[in-house]
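One structure is given here, and the rest of the page talks about it.
Residue numbers (this note's numbering): -19 to 527.
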């Protein structure tokens, strides 16, 4: 067997292992629903509970990075304090070692193929037969992932054993431990999974390619390598998220440096005091031990550590608002004016969202002189559609909250104005929600090879583009806003809805179209009609007086 074939087999093993980890993570995350998040929130009342919660959730999900990113989201939303967030991350680092124990004991100590192959078979069978049922789908993911995890490990083991026979590793045995530390960091930074690094290291150790101290150094390097994903996840977030990510980096660097400085005594403790002869068990014991000791060292200092982190990054409140953040309700006239600007900004971005979802050129709207600057500063245009949707939801909540505070301050005769503005926001959000609900339908119709479906999409796209052109002209005051004009647009929306359905029914009678496609088109047309009405009502409430 050539060296290239062995390298390809090793690469295949890594790929299978990574895919298996993804399947396991997805299955457990979806089968549990929101229970993991609720469990984390319930257990963060004190530091011990936070550490335990982080360890338990990570032990089940087997992804410290995913738990850390979840923590970042909670910190950004103000659900967790920085102190408790750091405690959860400490626990997460410990929880991820559970997978190492499973790999070291099951993967190398027994003929795991006896279980792995049937698991892949049953998982694949369930996925084909019951893939449309959510619970069965994720049970299939779990079984499939479990089997692939150990099949991937088997590939890595065979590749490592083959390389040991074909290549002389002895000349690398005397290399500095720093080199192995860097190797661990690089591998984990690339694959973003300390579990993969551990599996690779165990395979190399089992095959005799590396020594026990070298393997321990690689594992240490992987501790810091996992911080890259969390650092990336904090970019663009508020100050709290960045501080937690920085705290995680400081903690892992401290852990790596301390354990590396005491590497020989720790390994002697494991082999001589604990009496662990098996290097595989010794390595996972080493990983668990350093994370456990680091928790004991760090836990008493979490409060001062959190205060130390607060010195970094400028405080921000993570607000989505562009105008009302500067408003003072004690000056209601100014606050109402800023509220109106914020509402216009919300409608503007709602229109951008709906057009982008329909794959319509948004450049004419993007050139708004004020809103363009704000969106560029907030990197709104580079957000994904899901991130834009969450941004608009947050902004709606801030507008709703601010309107309640402002209502008690403005004059009685100004209350109808405030009511209309918040009604415009609600209608605009309704338009977004309806459009988002048919996002997949839009994509399917756009890519359809069936003329009936594609023609419907083309017709609706053109009508949507024209509608938003008219609404934008009204919002920018290029067209005088009056009730008759809006009534005319509403009539056109109704006519287009009926016309689209009638044309589709005529074409469907003479064409070969599935029953499911008919249902999809009817739902698509109805939700699009609802969205168009809602955005029109939003513009009407914003532009016209109550009478």
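Just so you know, even glycine gets a beta-carbon here, dropped at the ideal spot from N, CA and C.
- DSSP places residue 400 inside the alpha helix (DSSP H), whose first and last residues are 395 to 417.
- Rounded to the nearest angstrom, the gap between the Cα atoms of residue 372 and residue 231 is 35 Å.
- A straight line joining the alpha-carbon of residue 326 with that of residue 100 spans about 49 Å.
- Ranked by Cα distance from residue 70, the options 411, 281, 455 are led by 281.
- Restricting attention to 224, 233, 251, the CA atom closest to the CA of residue 47 is found in 224.
- With a cut-off of 8 Å on Cβ pairs, the stretch 387 to 407 is not in contact with the stretch 341 to 351, counting fewer than three such pairs.
- Residue 30 and residue 207 have their C-alpha atoms spaced approximately 19 Å apart.
- For the options 114, 82, 167, the alpha carbon positioned closest to that of residue 130 is the one of 82.
- Taking the C-beta atoms as reference points, residue 250 is found no nearer than 7 Å to residue 240.
- By the Cβ test, the stretch 408 to 419 is in contact with the stretch 361 to 381, since at least three Cβ pairs between them sit closer than 8 Å.
- The Cβ-Cβ distance between residue 338 and residue 444 falls below 7 Å.
- If you draw a straight line from the Cα of residue 357 to the Cα of residue 212, it is about 19 Å long.
- Of all alpha-carbon atoms in 36, 420, 451, 315, the one lying nearest the alpha-carbon of residue 395 is that of 315.
- Residue range 312 to 337 is occupied by the alpha helix (DSSP H) that includes residue 331.
- Of 111, 205, 122, 112, the smallest CA-CA separation from residue 98 is found for 122.
- Secondary structure of residue 437 (DSSP, three-state): helix.
- Burial check for residue 245: the Cβ neighbour count within 10 Å stays below 16, so the residue is exposed.
- The shortest CA-to-CA distance from residue 370 to any of 300, 126, 182 is the one to 300.
- With distances taken between CA atoms, residue 182 lies nearest to 80 out of 80, 520, 352, 304.
- The alpha carbon of residue 375 has as its nearest neighbour, out of 469, -9, 328, the alpha carbon of 328.
- In this structure, DSSP gives residue 309 a state outside helix and strand, which the three-state scheme calls coil.
- The closest CA to that of residue 64, considering only 227, 333, -7, is found on 227.
- In the structure shown, residue 280 falls within a helical segment according to DSSP collapsed to helix, strand and coil.
- In terms of CA proximity to residue 411, 335 leads the group 472, 335, 341.
- Within the stretch 172 to 231, the runs of alpha helix (DSSP H) at least 4 residues long that lie entirely inside it are, in chain order, 174 to 187, 192 to 205, 207 to 214.
- DSSP, read as helix, strand or coil, puts residue 241 in helix.
- Residue nearest to residue -6 within the set 344, 427, 180, 209 is 180 (criterion: CA-CA distance).
- Between residue 447 and residue 457, the alpha-carbon positions lie close to 15 Å from each other.
- Residue 253 and residue 102 have their C-alpha atoms spaced approximately 44 Å apart.
- In this structure, residue 402 places its C-beta atom within 7 Å of the C-beta atom of residue 383.
- Going by C-alpha positions, residue 431 is about 24 Å away from residue 512.
- By the neighbour-count definition (other C-beta atoms within 10 Å, threshold 16), residue 427 is an exposed residue.
- About 21 Å separates the beta carbon of residue 450 from that of residue 422, a gap too long to meet the 8 Å contact definition.
- Membership of residue 79 in the alpha helix (DSSP H) is indicated by the continuous run 77 to 82.
- Look at residue 128 here: in three-state DSSP terms it is helix.
- The Cβ atoms of residue 286 and residue 62 sit closer than 7 Å to each other.
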